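Chemist: Structure in structure tokens, see below.
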Amino acid sequence: MIIGSKIIYLEELPSTNTFAISLLGPERPPEGTIIRTDFQSAGRGQPGNTWESERAKNLLFSIILYPEMISPGEQFLVSMAVSLGLHDFVGRHVPAPAIKWPNDIYVKDDKIAGILIESSTIGNKVQYMVTGIGLNINQERFTGSAKNPVSLKQITGREYDLERCLYELSHDLDSRYRILKEGGADEIVKEYHSSLFRKDRWTGFSDKNGLFEGRIKQVGNDGRLTIERRSGSPADYYYKEVEFIF
Ligand code: BTN
Numbered sequence: 278m279i280i281g282s283k284i285i286y287l288e289e290l291p292s293t294n295t296f297a298i299s300l301l302g303p304e305r306p307p308e309g310t311i312i313r314t315d316f317q318s319a320g321r322g323q324p325g326n327t328w329e330s331e332r333a334k335n336l337l338f339s340i341i342l343y344p345e346m347i348s349p350g351e352q353f354l355v356s357m358a359v360s361l362g363l364h365d366f367v368g369r370h371v372p373a374p375a376i377k378w379p380n381d382i383y384v385k386d387d388k389i390a391g392i393l394i395e396s397s398t399i400g401n402k403v404q405y406m407v408t409g410i411g412l413n414i415n416q417e418r419f420t421g422s423a424k425n426p427v428s429l430k431q432i433t434g435r436e437y438d439l440e441r442c443l444y445e446l447s448h449d450l451d452s453r454y455r456i457l458k459e460g461g462a463d464e465i466v467k468e469y470h471s472s473l474f475r476k477d478r479w480t481g482f483s484d485k486n487g488l489f490e491g492r493i494k495q496v497g498n499d500g501r502l503t504i505e506r507r508s509g510s511p512a513d514y515y516y517k518e519v520e521f522i523f
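The following block contains the structure:
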């Protein structure tokens with residue numbers, strides 16, 4: 278087991294990602310170390326966003342990864358593997374989750390989990406990827422500005438044991454990450470695509486030129502999204518260059 282081989286728990290932190298990065302000095306923690314907390318005072322979301330999580334209600338953790346097998350231009354493969362691990366976990370508890378590009382986990386049209394990866398590369402080598410995960414488990418009300426959060430409890434009405442969830446989820450993440458480490462990138466790419474939210478379905482999007490209708494065709498190993506437009510040629514987008522219109 279790589280992911281979850283060591284778990285560091287602290288009751289409260291500003292952000293597990295920030296704390297994990299601070300541990301990456303000359304003596305690095307073992308690969309797969311998890312830093313977990315019950316409350317973040319400055320939880321970070323994707324650039325420009327915060328991450329709301331009521332104390333001790335949800336899973337908030339970061340995993341320290343050293344994906345030496347991945348070239349810097351293909352780091353998104355790690356994001357795909359982690360998204361699939363989360364998708365596996367959520368899919369055992371509620372029907373039909375999906376991965377919304379680039380790496381949110383959705384149930385119907387609501388977001389149950391988000392991933393924030395912060396990495397460093399030197400030359401042609403990925404030094405580390407700190408992979409932060411927020412998974413909404415027992416929270417019943419969200420008061421922040423996120424537009425469509427949801428938790429497992431809101432969907433099923435059940436209360437979950439967070440320790441048990443972390444145990445299960447770290448196994449799911451570990452299985453997917455080990456496939457990637459052992460040369461199974463093709464499998465990860467294939468399964469990511471088959472779990473992708475609204476793949477091949479005509480959907481409204483907006484980009485810098487305004488609204489358009491298109492359908493998702495594929496995601497590259499660098500995270501680039503290709504959308505076939507109803508009118509005109511296919512277009513490629515990196516994160517934040519295009520949005521879904523709900
Ligand atoms: C997103 O905006 O979708 C990404 C959310 C990532 C939140 C997690 S919670 C644990 C880790 N520490 C942080 O500060 N953020 C990530």
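If you read the sequence shown in the working numbering, its first letter stands for residue 278, the second for the next number, and so on.
Quick reminder that beta carbons are idealized off the backbone N, C-alpha and C, glycines included.
What you are looking at is a predicted structure, and each value in this text was computed from that prediction instead of being measured.
#1: Given this structure, state the Cα-to-Cα distance separating E445 from L363, to the nearest angstrom.
#2: Quick check: the Cα distance between L429 and H470, rounded to an integer number of angstroms?
#3: Pick out the complete alpha helix (DSSP H) segments inside the stretch 330–414, 4 residues or longer, and give them in chain order.
#4: Say the cut is 7 Å; is the CB of N294 nearer than that to a heavy atom of the ligand BTN?
#5: Sort D484, P511, T503 and G400 by Cα distance to I522 and report the nearest one.
#6: Identify the continuous beta strand (DSSP E) that holds I279 and give its terminal residues.
#7: Here's a check: name, in chain order, each residue in its chain whose Cβ is nearer than 6 Å to the Cβ of P306, leaving out the five neighbours to either side.
#8: Do Q416 and S330 have their C-beta atoms closer together than 8 Å?
#9: Just reading off the alpha helix (DSSP H) that A462 is part of, what are its end residues?
#10: Taking only three categories from DSSP, how would you classify F296?
#11: In terms of residue numbering, what span does the beta strand (DSSP E) encompassing L539 cover?
#12: Hey, out of A423, P324, S447 and I311, whose CA is closest to L393's CA?
#13: Do you know offhand how far T503's Cα is from P344's?
#14: Is S339 buried or exposed, if buried means 16 or more other CB atoms sit within 10 Å of its CB?
#15: Could you give the DSSP three-state label for K458: helix, strand or coil?
#16: Which ranges would you report for the beta strand (DSSP E) in the stretch 494–519 if only whole runs of at least 3 residues count?
#17: Is the beta carbon of I410 sitting closer than 8 Å to the one on A423?
#18: Taking Cβ positions, are L443 and I376 nearer each other than 8 Å?
#19: Does the distance from the CB of I382 to the CB of V371 come in under 8 Å?
#20: Just checking N326 against the ligand BTN - is the residue's beta carbon closer than 7 Å to any of the ligand's heavy atoms?
#21: By a C-beta neighbour count over all protein chains shown, 10 Å radius and 16 as the cutoff for buried, is A297 buried or exposed?
#22: Quick one: give me the first and last residue of the beta strand (DSSP E) that T420 is part of.
#23: According to the neighbour-count rule (16 or more other Cβ atoms, all chains shown, within 10 Å of its Cβ), is S510 buried or exposed?
#24: Is E338 near the ligand BTN - that is, is its Cβ less than 7 Å away from at least one heavy atom of it?
#25: When every heavy atom of the ligand BTN is checked, does at least one fall within less than 7 Å of the C-beta of G320?
Modeler: Let's see:
#1: 10 Å
#2: If you draw a straight line from the Cα of L429 to the Cα of H470, it is about 24 Å long.
#3: 353–370
#4: yes
#5: D484
#6: Premise fails: I279 is in no beta strand (DSSP E) and is neither H nor E.
#7: L300 and I341, listed in sequence order.
#8: yes
#9: Annotation: the continuous alpha helix (DSSP H) that includes A462 extends over A462 to S471.
#10: helix
#11: Nothing in the structure corresponds to residue 539, since the chain is present only between 278 and 523.
#12: Of the candidates A423, P324, S447 and I311, P324 places its Cα closest to the Cα of L393.
#13: Their Cα atoms are separated by approximately 25 Å.
#14: buried
#15: helix
#16: 502–506 and 512–514
#17: No, the Cβ-Cβ distance between I410 and A423 is not below 8 Å.
#18: no
#19: no
#20: yes
#21: buried
#22: Counting along the chain, T420 falls outside any beta strand (DSSP E), and DSSP gives it neither H nor E.
#23: exposed
#24: Before going on, a small fix: residue 338 reads as Phe here, not Glu. Flag set: Cβ of F338 near the ligand BTN.
#25: At a threshold of 7 Å, G320 counts as near the ligand BTN, since its beta carbon sits closer than that to one of the ligand's heavy atoms.
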